[in-house]
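A.B. asks: The structure is given below, and queries will be raised subsequently.
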Ligand SMILES: [Zn+2]
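In my numbering, the protein residues as written are 625 to 999.
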């Protein structure tokens with residue numbers, strides 16, 4: 625078990641040493657099906673599920689000197705028959721509630737006796753943010769994304785340690801990953817799916833097929849320029865990146881999709897159904913459940929344009945989510961407190977209005993809308 629006094633020297637160093645030792649054993653591209661299965665039992669941390677059973681518990685991460693314990697809730701649904709290991713994670717952004725609810729619902733409803741392979745799930749990654757109702761970040765250290773795409777705990781704080789434990793103990797055991805997201809508490813969005821391309825043809829083909837299982841109107845194909853190589857000590861290091869937290873997909877090197885569904889700090893039933901049905905379809909596609917998956921051909925965004933305002937003031941969008949907009953078309957405005965328009969916001973491209981940051985109060989440089997440019 626990995627256990628560490630967060631913020632204290634000696635045991636944290638032990639953890640880092642263990643992590644790097646463990647990482648050296650993980651090849652860049654592999655099928656992990658057998659890696660946490662012994663005689664059909666799926667074991668994650670101290671939790672073990674026999675074939676045809678489901679178990680839930682916790683992976684202990686560590687504790688603060690104040691006694692504040694840090695741990696992940698973990699679910700294992702171990703099928704009666706052999707098959708793939710599908711990993712579900714939700715709540716990296718803890719106010720994106722639809723994903724969290726979807727994982728809880730799947731765990732309670734799916735009968736492991738009808739399952740081939742296993743589901744390993746962390747239904748809530750960012751527990752501190754959930755309890756504090758904080759968007760985007762872990763409120764303890766203000767880190768967004770748990771450094772998951774960065775690798776290692778080099779930046780030291782709680783989120784990086786949590787991210788590394790999640791990678792080593794859970795993500796590295798999986799054959800495929802669904803990383804559930806949505807609009808955060810200040811965002812409304814279309815329900816769609818993101819695929820981060822790895823450059824490996826077979827992985828990307830399966831990721832795109834998994835995305836099609838969500839039957840969304842749109843898919844965003846994102847290509848991050850991130851490469852992992854092994855250094856002389858056998859540790860995986862990143863050689864380049866073009867995005868701060870990008871790169872998890874290239875680190876895991878397993879088929880991965882990121883559904884974006886629900887938003888506004890609410891629990892939209894339609895978005896939960898979108899996620900639930902999509903995951904069940906993915907399980908059929910991976911032959912974990914019987915039946916033919918429903919799949920659709922979504923239109924593809926090749927770029928997402930974040931529209932910023934130059935002024936502070938009162939912002940209102942003049943478009944509705946899902947609207948097709950043209951380059952140069954007015955899509956919103958910023959007013960001063962006397963109601964006079966001080967800035968007209970226009971679309972940078974022809975595309976689809978897919979994300980809105982709906983708080984009218986804006987500051988210069990704030991992103992207020994996102995326009996997906998179609999391929
Ligand atoms: Zn998110």
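Glycine included, each C-beta is placed from N, C-alpha and C at the ideal position.
Applying the criterion that 16 or more other CB atoms from any shown protein chain within 10 Å of the CB defines a buried residue, is residue 796 buried or exposed?
C.D. replies: Per the 10 Å Cβ criterion, buried.
A.B. asks: Considering only the beta carbon of each residue, do residue 739 and residue 698 sit closer than 8 Å?
C.D. replies: No, Cβ-Cβ distance for residue 739 and residue 698 is not below 8 Å.
A.B. asks: Below 8 Å between beta carbons: does that hold for residue 985 and residue 969?
C.D. replies: Contact: no.
A.B. asks: Check whether the Cβ of residue 713 sits closer than 7 Å to any heavy atom of ligand 1, and report yes or no.
C.D. replies: Not so, every heavy atom of ligand 1 lies at least 7 Å from the Cβ.
A.B. asks: Which stretch, first to last residue, makes up the beta strand (DSSP E) that contains residue 744?
C.D. replies: Note, residue 744: beta strand (DSSP E), 740-746.
A.B. asks: For the alpha helix (DSSP H) that residue 925 lies in, which residues bound it at each end?
C.D. replies: Counting along the chain, residue 925 falls outside any alpha helix (DSSP H), though it belongs to the beta strand (DSSP E) covering 923-932.
A.B. asks: Tell me whether residue 734 counts as near ligand 1, meaning its Cβ is closer than 7 Å to at least one heavy atom of that ligand.
C.D. replies: Outside the cutoff, so no.
A.B. asks: Measure the C-alpha to C-alpha separation of residue 880 and residue 896 and round it to an integer number of angstroms.
C.D. replies: Their Cα atoms are separated by approximately 19 Å.
A.B. asks: Taking residue 996 as the reference, which of 747, 951, 786 and 712 has the closest Cα?
C.D. replies: Ranking the options by Cα distance to residue 996, first place goes to 951.
A.B. asks: In this structure, does DSSP put residue 907 in helix, strand or coil?
C.D. replies: Residue 907: helix per DSSP, three-state reduction.
A.B. asks: When the Cα of residue 933 is compared with those of 910, 965, 913 and 908, which residue comes out closest?
C.D. replies: Checking every option, the nearest Cα to that of residue 933 belongs to 965.
A.B. asks: Going by the DSSP bridge assignment, what does residue 883 pair with across the sheet?
C.D. replies: BP columns for residue 883 point to 817.
A.B. asks: Pick from 892, 922, 915 and 800: whose alpha carbon is nearest that of residue 998?
C.D. replies: Per the Cα distances, 922.
A.B. asks: Please write down, chain order preserved, every residue whose beta carbon lies under 7 Å from a heavy atom of ligand 1.
C.D. replies: Checking every Cβ against the heavy atoms of ligand 1 under 7 Å gives 716, 717, 720, 805, 806 and 808.
A.B. asks: Identify the residues that DSSP records as bridge partners of residue 697: which are they?
C.D. replies: In the DSSP output, where bridge partners are listed per residue, residue 697 has 682.
A.B. asks: Round the Cβ separation of residue 910 and residue 710 to the nearest angstrom and send it over; I've been treating them as touching at under 8 Å.
C.D. replies: Residue 910 to residue 710, Cβ: 6 Å. Contact.
A.B. asks: According to DSSP, which residues form a beta bridge with residue 768?
C.D. replies: Residue 768 is bridged to 761.
A.B. asks: Would you list the one or two residues that DSSP bridges to residue 711?
C.D. replies: Residue 711 is bridged to 744 and 801.
A.B. asks: Cα separation between residue 736 and residue 747?
C.D. replies: Using only the alpha carbons, I get a separation of about 18 Å.
A.B. asks: Which same chain residues end up closer than 6 Å to residue 576 when comparing Cβ atoms and leaving out the 5 residues on each side of it in sequence?
C.D. replies: What is shown of the chain runs 625 to 999, which leaves residue 576 out entirely.
A.B. asks: Spatial neighbours of residue 680 within its chain, please: C-beta separation below 8 Å, excluding the five flanking residues on both sides.
C.D. replies: Result list for residue 680: 671, 697, 698, 699, 700 and 731, in chain order.
A.B. asks: Would you give the residue range spanned by the beta strand (DSSP E) that residue 692 belongs to?
C.D. replies: Neither: residue 692 is in no beta strand (DSSP E) and is coded neither H nor E.
A.B. asks: Assuming residue 749 and residue 770 are in contact, meaning their beta carbons sit under 8 Å apart, how far apart are those beta carbons, in whole angstroms?
C.D. replies: So it is a contact: roughly 7 Å between Cβ atoms.
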